[in-house]
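Chain order of the listed sequences is A and B. Here this note's numbering is used: position 107 in the first sequence is 91, and no number is missing along the way. One gets this note's numbering by counting positions in the second sequence from 1 and adding 1 to each. Think of the CB as a built atom: it goes at the ideal place given N, C-alpha and C, for glycine as much as any other residue. One structure below.
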Amino acid sequence: MIKVKNLSKSYGDNFILKNINLEIAPTEFVSLVGPSGAGKSTLIKLLIREEFPTSGNIFIENEDITLMPLSFLPNLRRKIGMIFQDFRLLPDRTVFENVSFALEVAGAPDIQIFTDVPKVLKIVGLYNKRDSFPLELSGGEQQRIATARALVHRPSILIADEPTGNLDPFNTWEIIRLLIRINELGTTVVLATHDKEIINALKRRVIFIKDGKVIRDDQEGRYML
Amino acid sequence: MTFLKRTIKAGWQSFKRNGLVSSAAILILFITISSVTSVFLFNALSKKVVKTLQNKVSIGVYFYTNVPEPQILQFKEELSKYPDVKSIIYISREKALENFRAMRQKDDTVTRALEELSGQNPLPASLHVKAENPNNYKNLVEDIESSQFNSLIESVDYSDRQLAIANLNSLSKKVTQAGWFIVILFTIVAILVSFNTIRLAIYNEKSKIEVMRLVGAGNAFINAPYTIQGILYGLIASIIAFFSFAIILRFVDPVLQGYFLGLGEDINLSNYYASNWFWFLLLQIFMGIAIGVVSSIIAVRKYIKI
């Protein structure tokens, strides 16, 4: 599903990622773990082509996205659901409109939007707040909107970059439980975090990154750096 | 169709929900459109003033007092065949005296002097000739002076008015040139100001555009609602400007007519605006929408390359 080959990223002489190689199979739940500045977020930005690598290749569903022309990027991003630490919602759109936006950009018909968006809002527990604007909601609720937006177009891959970084423990576990459920429904999940408790509780594959290098890759890992 | 519907809806919603930014953009566009409209009106006004003044200019051909009237009328007939001649007014010696008396009736010295002449009329008969084109007066005078009737003519007063006519011609050309220069200059400045205001408005949308891009929105999907917003800015600003001018000019006209005393009702910008309303509306809408849309597209393009 995802294959990273000899991937490096530098800004001038400052190397952020050095010769990364890894493979992620379909329906896997993988956590990328490492201290702040280890390169986790850069790796994720490269996976969605928000950044361009200095060298190496990234294959998603056997397609080298480093060779992909700009005009193909929207299609790539529609295959991937993204959740960010800072939510990245559209502040002047309601909860419903934020979630439906992901379907609209893919050209989904109205009937699909009016069927799927309420369903996914019920899953994340925000159906009753569908007409609210993001800034009227708490951090946990905003992250649930972002999760609903990432799910609604049924992506084959869900990438979450520190999705619980700005949340309290209660909301953190709400989001993690949602990610587990999504994974159980057949979506590949890549979770970047430095939360020890989450990693230990998940008991899934953990890739440890430090100083821009993969230092461990455990199938049922615990947090140790 | 779905794309168009969603685009219009998103553009309208963004316009409505960002009321303050939309109002600022409309205000700047309104000022821009008003400035350019004002320059067009000023240009029209100056042309009208120059043309009205030019219409008041004529050549005076004065005959010796012993020239009989039929000969003068024959000359008038001959002169009216010249292609450059627009109109000729004949003033007989009697009419000239009558006019002179009417003009100087309060001047005792002149009245007494006329009485002393005891019925004699010292004033000559004259022809007052207007040319089709003010540039042709010089040629017209040359034609008159070289005609077979030259021996009847005591004087042609073109030389007195030569300077005024030349100045008027030069002023007319300069006003027209300056008018266009001001139109172009104002338009460029106004476009730059509008463009930067809309660009700043869209700068606030930078993070929104990034999010749209990362969620998988294509260029058209991101651009289109901003284009709709640009159209709305331009359309609303131009309609406000159109009606504002219709109202304001009613108050400006009396002031202008007072200022250009003597030109009377010839100076009427309200009528000019009303009789050219379609072209003014077209100019204002075209300008508003063009600036709004081009500024939006250029501003969004900067943030779309993610």
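Reference residue i; option with closest CA among the options
i	options	result
residue 299(B)	278(B), 247(B), 197(B)	197(B)
residue 193(B)	296(B), 101(B), 225(B)	296(B)
residue 279(B)	293(B), 301(B), 239(B)	239(B)
residue 51(A)	149(A), 80(A), 35(A), 134(A)	35(A)
residue 73(B)	106(B), 90(B), 58(B)	90(B)
residue 188(A)	-11(A), 181(A), 206(A)	206(A)
residue 80(A)	121(A), 20(A), -3(A), 129(A)	129(A)
residue 193(A)	167(A), 121(A), 104(A), 0(A)	0(A)
residue 103(A)	133(A), 199(A), 76(A)	133(A)
residue 122(A)	156(A), 39(A), 16(A)	156(A)
residue 203(B)	4(B), 2(B), 5(B), 16(B)	16(B)
residue 154(B)	244(B), 113(B), 128(B)	128(B)
residue 88(A)	229(B), 118(B), 222(B), 233(B)	222(B)
residue 201(B)	36(B), 92(B), 293(B)	293(B)
residue 21(B)	199(B), 246(B), 11(B), 291(B)	199(B)
residue 208(B)	185(A), 99(A), 76(A), 165(A)	76(A)
residue 79(B)	151(B), 137(B), 157(B)	151(B)
residue 83(B)	137(B), 168(B), 188(B)	137(B)
residue 7(B)	96(B), 116(B), 224(B)	224(B)
residue 55(B)	131(B), 88(B), 10(B)	131(B)
residue 12(B)	227(B), 258(B), 288(B), 168(B)	227(B)
residue 211(B)	303(B), 157(B), 4(B)	303(B)
residue 199(A)	161(A), -2(A), 16(A), 91(A)	16(A)
residue -13(A)	-3(A), 32(A), 19(A), 18(A)	32(A)
residue 174(B)	51(B), 100(B), 259(B)	51(B)
residue 243(B)	97(B), 36(B), 219(B)	36(B)
residue 71(B)	58(B), 61(B), 60(B), 92(B)	92(B)
residue 144(A)	153(A), 159(A), 152(A)	159(A)
residue 183(A)	-15(A), 11(A), 18(A)	18(A)
residue 10(A)	59(A), 149(A), 181(A), 44(A)	44(A)
Contacts of residue i in chain B (Cβ-Cβ under 8 Å)
i	result
residue 72(A)	208, 211, 212, 215
residue 32(A)	215
For residue j and residue i, believed in contact at Cβ under 8 Å, the rounded distance
i	j	result
residue 37(A)	residue 2(A)	With a Cβ gap of about 11 Å, residue 37(A) and residue 2(A) do not count as contacting.
residue 8(A)	residue -9(A)	13 Å between Cβ atoms; not a contact.
residue 64(B)	residue 125(B)	5 Å
residue 308(B)	residue 176(B)	In the structure as shown, chain B begins at 2 and stops at 307. Residue 308(B) is therefore absent and cannot be evaluated.
residue 1(B)	residue 270(B)	The question about residue 1(B) has no answer here: the residues shown for chain B are numbered 2 through 307.
residue 216(B)	residue 61(A)	7 Å
residue 250(B)	residue 274(B)	5 Å
residue 6(A)	residue 191(A)	6 Å
residue 46(A)	residue -11(A)	Going by Cβ atoms, the distance from residue 46(A) to residue -11(A) rounds to 12 Å, so no, they are not a contact pair.
residue 147(A)	residue 69(A)	7 Å
residue 85(B)	residue 122(B)	With 8 Å as the limit, residue 85(B) and residue 122(B) do not qualify as a contact, their Cβ atoms being about 32 Å apart.
residue 118(A)	residue 82(A)	7 Å
residue 94(B)	residue 53(B)	Not a contact, Cβ separation roughly 30 Å.
residue 86(A)	residue 136(A)	5 Å
residue 241(B)	residue 31(B)	5 Å
Closer than 7 Å at the beta carbon, the chain B residues around residue i
i	result
residue 76(A)	15, 18, 19
Contacts that residue i makes with chain A (C-beta to C-beta distance below 7 Å)
i	result
residue 38(B)	Under the 7 Å cutoff, chain A gives no residues; its nearest Cβ is about 33 Å from residue 38(B).
Contacts of residue i in chain A (Cβ-Cβ under 8 Å)
i	result
residue 3(B)	91, 93, 94
Worksheet item: Using Cβ-Cβ distances below 8 Å, what residues of the stretch 6 to 21 of chain B are close to chain A?
Response: 7, 14, 15, 18, 19
Practice prompt. Compile a chain-ordered list of the residues in the stretch 38 to 67 of chain A whose CB is closer than 7 Å to at least one CB of chain B.
Written response: 58, 61, 62, 66
Worksheet entry | the stretch 83 to 108 of chain A: positions lying closer than 8 Å to chain B by Cβ | 85, 86, 88, 89, 90, 91, 93, 94
Practice prompt. Below 9 Å between beta carbons is the criterion; list the residues of the stretch 119 to 141 of chain A that meet it against any residue of chain B, in chain order.
Written response: 133, 134, 137
Worksheet item: With contact counted as at least three CB pairs below 8 Å, one residue from each stretch, are the stretch 10 to 29 of chain B and the stretch 269 to 285 of chain B in contact?
Response: no
Fill in: Near-chain A residues of the stretch 197 to 211 of chain B - C-beta to any C-beta below 7 Å
209
Worksheet item: Do the stretch 179 to 196 of chain B and the stretch 23 to 30 of chain A meet, that is, are 3 or more Cβ pairs less than 8 Å apart?
Response: no
Discussion item. If the cut-off is 9 Å on Cβ atoms, which residues from the stretch 160 to 171 of chain A count as contacting chain B, listed in chain order?
Written reply: none
Fill in: Chain-ordered residues of the stretch 215 to 234 of chain B with a beta carbon less than 7 Å from chain A
215, 216, 217, 218, 219, 222
Worksheet item: Can at least three beta-carbon pairs, one atom from the stretch 55 to 69 of chain A and one from the stretch 134 to 146 of chain A, be found at a separation below 8 Å?
Response: yes
Item to complete: Would you check if the stretch 161 to 176 of chain A and the stretch 93 to 100 of chain A touch, i.e. whether three or more CB-CB distances between them fall below 8 Å?
Response: no
Worksheet entry | Contact the stretch 96 to 107 of chain B vs the stretch 142 to 156 of chain B: 3+ CB pairs below 8 Å | no
Worksheet item: Given 8 Å as the limit, is there contact between the stretch 36 to 45 of chain B and the stretch 107 to 115 of chain A, that is, 3 or more CB pairs closer than that?
Response: no
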